[in-house]
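The structure under discussion appears below in the form of structure tokens.
Number of protein chains: 2
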Amino acid sequence: MSRLTLPPQATQVGLAVDVAAFAMHGGELRVLLVQRGALPHARDWALPGGFVYPGEELHEAALRELRTETTVQLEPRHLEQFYTFGEVNRDPRGRIVSVAHLAVLPHGTVHVTAGGHTLGAEWLSAHQPPALAFDHHAILDKAIGRLQLRLEYGNLAMEFLPDTFTLPELQGVYEAVLNRRLDKRNFRKRLLSQGILTPSGERRTGVGRPAQLYRRAKHARIAAL
Amino acid sequence: MSRLTLPPQATQVGLAVDVAAFAMHGGELRVLLVQRGALPHARDWALPGGFVYPGEELHEAALRELRTETTVQLEPRHLEQFYTFGEVNRDPRGRIVSVAHLAVLPHGTVHVTAGGHTLGAEWLSAHQPPALAFDHHAILDKAIGRLQLRLEYGNLAMEFLPDTFTLPELQGVYEAVLNRRLDKRNFRKRLLSQGILTPSGERRTGVGRPAQLYRRAKHARIAAL
DNA sequence: CCAAAAGTGTTGCACCTACACCCATGA
DNA sequence: TCATGGGTGTAGGTGCAACACTTTTGG
């Protein structure tokens, strides 16, 4: 295939990724936010993100930002591009187009510390976030919408939990993401009838009757769209 | 808000849009394709698309490409960004990121002629397209998937038809987009029970019993996602 | 034995599928 | 009157929502 050059009318823009990374903490859906260390919007909260390197794929950039802007060690269990924000004036520095990604991290990834050039990184409430820089509020909104879609039509909820988990824990994920209460009996019937859970041993909690532990069945894939 | 400049690490890439524009023709779902007039992929079929102008919004660029690469006069009834294709080597000219859009044009927009720098423009079968340039096959696939989603969970089908239409015509749209036959009685029950159709006068066709005409009800909006 | 959380069934309703015949019109 | 396409109803199955009590464990 011939090597050609970009035609003159090709608009050059800054290409960035932003990542809305979700995890459960304290029975609540949290999103990973960083406190910006540089202008514009210094000291404001923002989604982790930044410019894509030359020769770097979009999803690689998303992973890199997640690992350098914060100190998240674990791999995301799910990473998905969901929308591209390209409004002309969304960034005061010039035309910057951001391909927004949705990530889900398993339980146990709640310890983050500042990395890279950010002042801090924290898991904050996804449903009541603080004020955010740029158009990150719109990005977060759309990310939550996509996440809810993937819960109801995919099997994304298990990615929030460790390898083995109980049904009440799984229900807790659903309730936190959907932001409403669910009926215990109906929830169990629905999940168990899907055949995507395999029982293992028992588990004793501090208090109350012990719950059955499950792991995800061998099949059980996440819906495409 | 302070005016700042792009930081040095900002990768500059070519920003493009591609449009998968659909319409009904000959009882079949068609997609608008252009025959490229320039390298790379000269003479190959491709989705209409091109570079975004500086200061131009993404959806404006999509509309402009639709109107200059081809001679489509009517406004699309629906225009929606659905995915961004940014693989490093998707275009031999360099790093070009394309924000792909889905458009639906009403009946009556089937006359297209070449415009701009293309050799030709035609409505071709969306389900059996010819070989396409670049990664446009993947773009078309994803566009059809999104279109099917919008049919089943939104009310997008009416946008393919003139202001007034019959139920058999509407069913034809569903069948063409979903690429399978539907039961006439079940289809009517479902659509009429949604209350998104308003009857108007009768209509006589050349042959057979005349069909009732409908128009879209005042409410009846398209689902977000 | 008490507190706490896990676990369990039934019923009504809404929706979907499968399926075959009559009706209105123009030629 | 015939060919053509429009229009209609029922019955079975499936999935979802509502709803309250019993079981198992640790303290």
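Read top to bottom, the protein sequences are chains H and G. The opening residue of the first sequence carries number 152 in this note's numbering; numbering runs sequentially from there. The opening residue of the second sequence carries number 152 in this note's numbering; numbering runs sequentially from there. We put the CB at the ideal spot given by N, CA and C, even for glycine. As the structure is a computational prediction, the values presented were derived from the model and not from experiment.
Within chain G, no residue has its CB atom less than 9 Å from the CB of LEU256(H), the nearest being about 23 Å off. Interface annotation for the segment 185–206 of chain G against chain H: LEU190, PRO191, PHE202, VAL203, TYR204, PRO205, GLY206, criterion Cβ-Cβ distance under 7 Å. Inclusion of GLN299(G) and LEU333(G) in the CB contact set at 7 Å is not warranted, their separation being larger than that value.
Neighbours of ARG367(G) across chain H, judged by C-beta separation under 8 Å, do not exist; the nearest C-beta is about 25 Å away. Taking a Cβ-Cβ cut-off of 7 Å, the neighbours of LEU209(G) in chain H comprise GLY237, given in sequence order. Look at THR162(H): its C-beta is under 7 Å from a C-beta on chain G. Chain G places a beta carbon closer than 7 Å to that of VAL250(H), counting this residue as a contact. The contact set of GLN232(H) on chain G, defined by CB atoms closer than 9 Å, consists of TYR234, THR235, GLY237 in chain order. Nearest neighbour of ALA294(G) by Cα position, chosen from VAL164(G), ARG360(G), LEU180(G), ARG215(G), turns out to be LEU180(G). In this chain, THR222(H) is not harboured by any beta strand (DSSP E), its DSSP state being neither H nor E. Annotation: the segment 179–228 of chain G contains the following complete segments of the alpha helix (DSSP H) (minimum length 4 residues), in chain order: 209–219. Distance between LEU283(H) and ALA197(H), taken at the CA atoms: about 5 Å. Looking from the CA of GLY178(G), the closest CA among LEU275(G), ALA289(G), LEU348(G) belongs to LEU275(G). For GLU273(G), the enclosing beta strand (DSSP E) stretches over residues 271–276. ILE290(H) carries a helical assignment under DSSP once its states are collapsed to helix, strand and coil. Ranked by Cα distance from MET175(G), the first of ARG360(G), ASP292(G), GLY296(G), HIS262(G) is HIS262(G). Beta-carbon to beta-carbon, GLU207(H) and GLY266(H) are separated by about 18 Å, too far to satisfy the 8 Å threshold.
THR260(G) is a Cβ neighbour of LEU225(G), given a cutoff of 7 Å. Taking 7 Å as the cut-off, the Cβ atoms of VAL223(H) and THR235(H) do not count as close. Rounded to the nearest whole angstrom, the CA to CA distance from ARG246(G) to LEU190(G) is 16 Å. The beta carbon of ALA327(G) sits closer than 8 Å to those of MET175, GLY178, GLU179, LEU180, all from its chain and outside the five residues before and after it, given in chain order. For ALA172(G), the enclosing beta strand (DSSP E) covers residues 163–176.
Between LEU253(G) and ALA171(G), the C-beta gap is smaller than 7 Å, which places the two residues in contact.
Annotation for LEU348(G): the continuous beta strand (DSSP E) segment containing it runs 348–350. Taken through DSSP and simplified to helix, strand or coil, GLN322(G) comes out as helix.
Uninterrupted beta strand (DSSP E) stretches at least 3 residues long and entirely within the segment 230–267 of chain H occur at 247–255, given in chain order.
Membership of ARG366(G) in the beta strand (DSSP E) is indicated by the continuous run 364–367. Here ARG366(H) is near ASP314(H), since their CB atoms are less than 7 Å apart. Its chain contains ALA362 as the residues whose beta carbon lies nearer than 7 Å to that of PRO319(H), once the 5 sequence neighbours on both sides are disregarded; these appear in chain order. Look at PHE338(G) here: in three-state DSSP terms it is helix. Ranking ARG241(G), GLU310(G), LEU183(G), GLY200(G) by CA distance to the CA of GLU273(G) puts LEU183(G) first. In chain G, no part has a C-beta under 9 Å from the C-beta of ARG301(H); the shortest such distance is about 11 Å.
Contact note: ARG332(H) does not reach chain G at a C-beta cutoff of 8 Å; the least C-beta distance is about 24 Å.
Distance from the CA of VAL358(H) to the CA of LEU364(H), rounded to the nearest whole angstrom, comes to 16 Å.
Counting only the Cα atoms, VAL255(H) lies some 12 Å from ARG297(H).
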